[in-house]
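Data first, discussion second: the structure below is written as structure tokens.
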């Protein structure tokens with residue numbers, strides 16, 4: 281079967297809504313949120329108008345080297361984030377899940393991937409000129425491109441990304457990236473502009489440095505950041521290598537630094553400092569605000585996101601080498617990767633627990649995730665044995681709001697915080 285029609289109504293509406301939110305944030309002097317929602321809105325607008333501007337559109341999954349797309353002047357559509365943004369704003373969950381079901385995708389398949397597939401089937405986005413996907417972060421992702429190529433009748437490129445950042449893996453990955461560049465050159469009919477690629481990598485290098493600084497700024501007590509920080513950073517990661525993303529991170533870093541210098545807490549009257557594992561409900565980020573408002577709890581650490589080490593150097597003269605170094609270390613949901621053994625993943629978790637002074641942890645156990653959920657017992661046991669820190673396991677579906685209610689999630693969290701209060 282092939283996707284028959286394209287209807288960009290939802291995408292255009294998302295662009296309008298996000299731009300309006302950005303303007304409201306500007307009116308109250310919130311520069312960080314103004315930039316954040318403005319960039320999301322502009323991303324949707326760029327996608328909606330790409331074809332009429334003569335641009336190629338490429339779909340891609342997470343953990344892809346976005347810098348190559350910007351250097352080749354194609355318009356990237358980050359499937360996980362854009363699909364969730366558009367579907368959430370339109371409250372079109374039933375529509376996309378029914379569409380996915382009609383094509384044979386059962387509820388045992390990750391709801392995030394069923395959402396992506398359903399949105400594509402419904403023609404919510406411009407038709408792709410190519411699809412890019414990899415073996416990360418999960419086995420669903422590894423098969424995602426096969427369906428999209430068939431449904432959209434377009435070519436695709438599978439990036440075989442090693443799980444371990446060793447030298448052999450590094451050399452193999454550089455070759456994979458070179459193949460990806462050649463595929464993009466055939467797709468666009470033009471050669472890579474390596475000078476432009478160098479500029480993109482300069483932006484990417486500076487962005488990674490800002491990531492490190494921003495994460496460090498969450499260590500002080502009180503923490504100057506709020507509970508949506510990671511959501512904001514990851515949902516804009518599709519801008520990696522762009523000057524807009526660099527500008528946003530500079531603004532965010534300056535805002536957090538100013539608050540830290542003045543002793544301003546991101547969560548007023550901070551009481552609990554939390555470690556968070558995996559992704560909170562994508563359909564209810566307001567739950568993160570409720571955690572802050574009702575229990576004065578701030579999320580200060582997400583050890584499943586490894587920040588690229590400072591000793592990973594970028595060489596403008598060797599951009600593919602630099603990209604390989606970056607993406608071998610920087611991987612969303614790295615804790616789900618089987619090669620990140622107990623010594624690697626748990627050492628980082630325990631180090632964060634100590635450095636960020638946490639007193640509780642939340643493990644968001646996405647019900648159909650076969651990669652992250654096996655880590656639950658290992659995480660809970662280690663935190664309790666080393667620091668006496670308890671962990672609450674949230675039984676929920678990250679992308680499907682019908683699996684459980686927000687009230688039930690709040691009930692579980694209420695009990696957890698009551699226990700923390702009594703310790």
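In our numbering, the protein residues as written are 281 to 703. Note that the Cβ used here is the ideal one computed from N, Cα and C, for glycine as well.
- Looking from the CA of residue 288, the closest CA among 282, 324, 426 belongs to 324.
- As computed with DSSP, residue 553 is found in a beta bridge with 578.
- In the DSSP assignment, residue 356 falls within the unbroken beta strand (DSSP E) covering 355–358.
- In the DSSP assignment, residue 640 falls within the beta strand (DSSP E) that extends over 640–646.
- Here residue 408 is buried: its Cβ has 16 or more other Cβ atoms, across all protein chains shown, within 10 Å.
- With fewer than 16 other Cβ atoms from the protein chains shown falling within 10 Å of its own Cβ, residue 384 counts as exposed.
- Here the stretch 678–687 does not lie against the stretch 574–592, with fewer than 3 beta-carbon pairs under 8 angstroms apart.
- Non-local beta-carbon contacts of residue 360 in its own chain, meaning distances under 8 angstroms to residues more than five positions away in sequence, involve 341, 342, 392, 396 in chain order.
- In summary, residue 304 is exposed, with fewer than 16 beta-carbon neighbours lying within 10 Å of its beta-carbon over all protein chains present.
- Annotated as distal: residue 412 and residue 355, with beta-carbon spacing of 8 angstroms or more.
- In this structure, the CA atom of residue 634 is about 10 angstroms from the CA atom of residue 499.
- Around the C-beta of residue 314, 16 or more other C-beta atoms lie within 10 Å, and the residue is accordingly described as buried.
- The beta carbons of residue 394 and residue 372 sit about 13 angstroms from each other, so the pair does not count as a contact at 8 angstroms.
- If you check the CB distance, residue 642 and residue 669 do not come in under 8 angstroms.
- The C-beta of residue 347 has 16 or more other C-beta atoms within 10 Å across all chains shown, which makes the residue buried.
- With a minimum length of 3 residues, the unbroken runs of beta strand (DSSP E) contained wholly in the stretch 635–701 fall at 640–646, 671–676.
- In this structure, residue 457 lies near residue 600, with their beta-carbon atoms less than 8 angstroms apart.
- The Cβ neighbour count for residue 703, taken over all protein chains shown within 10 Å, is under 16; the residue is labelled exposed.
- Just so you know, the alpha carbons of residue 283 and residue 690 end up roughly 39 angstroms apart.
- Note that the C-beta distance between residue 507 and residue 597 is not below 8 angstroms.
- Counting C-beta pairs with one atom in each stretch, the stretch 473–489 and the stretch 523–533 have three or more that are closer than 8 angstroms, which means they touch.
- Assignment of alpha helix (DSSP H) within the stretch 338–399, counting only whole runs of 4 or more residues, yields 346–351, 359–370, 373–382 in chain order.
- Relative to the Cα of residue 410, the nearest Cα in the group 468, 683, 560 belongs to 468.
- The beta carbons of residue 415 and residue 440 sit closer together than 8 angstroms.
- Counting along the chain, no beta strand (DSSP E) covers residue 505, and no H or E run does either.
- Residue 512 sits close to residue 316, with the two beta carbons spaced by under 8 angstroms.
- A distance of 8 angstroms or more separates the beta carbons of residue 352 and residue 519.
- For the options 588, 567, 646, the alpha carbon positioned closest to that of residue 579 is the one of 567.
- 366 is the residue among 366, 626, 333 whose C-alpha sits nearest the C-alpha of residue 321.
- Where residue 438 is concerned, there is no enclosing alpha helix (DSSP H), although the beta strand (DSSP E) around it starts and stops at 436–439.
- Shown here for residue 445: same chain residues with a beta carbon closer than 7 angstroms to its own, the five before and five after excluded, namely 608, 609 in chain order.
- As DSSP reads the structure, residue 405 sits in no beta bridge.
- Under the DSSP definition of a beta bridge, residue 410 partners with 338.
- Residue 468 carries a helical assignment under DSSP once its states are collapsed to helix, strand and coil.
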